[in-house]
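Visitor:
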Amino acid sequence: MKKRIPSVNELIKREIGQLLLREIEFPVDLLVTVTRVETSPDLRESRVFISVIPEKKEEEIIIFLTKKIYFLQQKINKRLRMKPIPKITFLTEEKTKEAARIEEILEDLKKENE
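Each residue of the sequence shown is one higher than the last, beginning at 36 in this note's numbering.
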């Protein structure tokens, strides 16, 4: 069972990524990426973390995807052959922002030492 959750996470990440790429029309000049998926141990819920460029559009895209959740959930239900099929929720990825901030700090320190 310990190996099942990571494989379910990868499967959902891949399927949601494909759906966002092929089935959803995003506004022009916008990049939406599925960064990771966290599924509950009972397989009832999956939190899908997305990254949006430009960052100022994150909230708008989360609202947009929340409105499309029924459509996306139906597509996922048809594609996945497992029971139960997790309920999908979208969240913004905060870890990439933290990593970018750390990179920025490290670059600043490197410039100071030169």
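We put the CB at the ideal spot given by N, CA and C, even for glycine.
1) Does Val-63 pass the burial test, meaning 16 or more other C-beta atoms within 10 Å, or should it be called exposed?
2) Shorter than 6 angstroms, the distance from the beta carbon of Lys-91 to the closest heavy atom of the ligand SAH, or not?
3) Can you tell me the Cα-Cα spacing of Val-69 and Glu-147, whole angstroms?
4) Throw me the rounded Cβ distance for the Lys-103 and Ile-59 pair, which I believe falls under 8 angstroms.
5) Count the other C-beta atoms from every protein chain shown that fall within 10 angstroms of the C-beta of Ile-111, then say buried if there are 16 or more, exposed otherwise.
6) Quick one: residues in its chain with C-beta nearer than 6 angstroms to the C-beta of Glu-95, no 5 flanking neighbours on either side, listed in chain order?
7) Expressed to the nearest angstrom, what Euclidean distance is found between the alpha-carbon atoms of Asn-44 and Val-67?
8) DSSP three-state label for Val-43, please.
Guide: So, from the data block:
1) Against the sequence shown, residue 63 aligns to sequence position 28. Val-63 should be labelled exposed.
2) Within the structure as shown, the ligand SAH is missing, as the structure has no ligands at all.
3) Residue 69 sits at position 34 when you count from the first residue of the sequence shown. Residue 147 sits at position 112 when you count from the first residue of the sequence shown. Going from the Cα of Val-69 to the Cα of Glu-147 covers about 35 angstroms.
4) Walking along the sequence shown from the start, residue 103 turns up at place 68. Walking along the sequence shown from the start, residue 59 turns up at place 24. About 6 angstroms; that satisfies the 8 angstroms criterion.
5) Within the sequence shown, residue 111 is the residue found at index 76, counting from 1. Answer is buried; the Cβ neighbour count reaches 16.
6) As a working mapping, residue 95 is identified with position 60 in the sequence shown. So the list is empty, once near-sequence residues are dropped.
7) For the purposes of this step, residue 44 is identified with residue 9 of the sequence shown, where counting begins at 1. For the purposes of this step, residue 67 is identified with residue 32 of the sequence shown, where counting begins at 1. Rounded to whole angstroms, Asn-44 to Val-67 spans 18 angstroms at the Cα level.
8) Looking up residue 43 in the sequence shown gives position 8. Val-43: helix per DSSP, three-state reduction.
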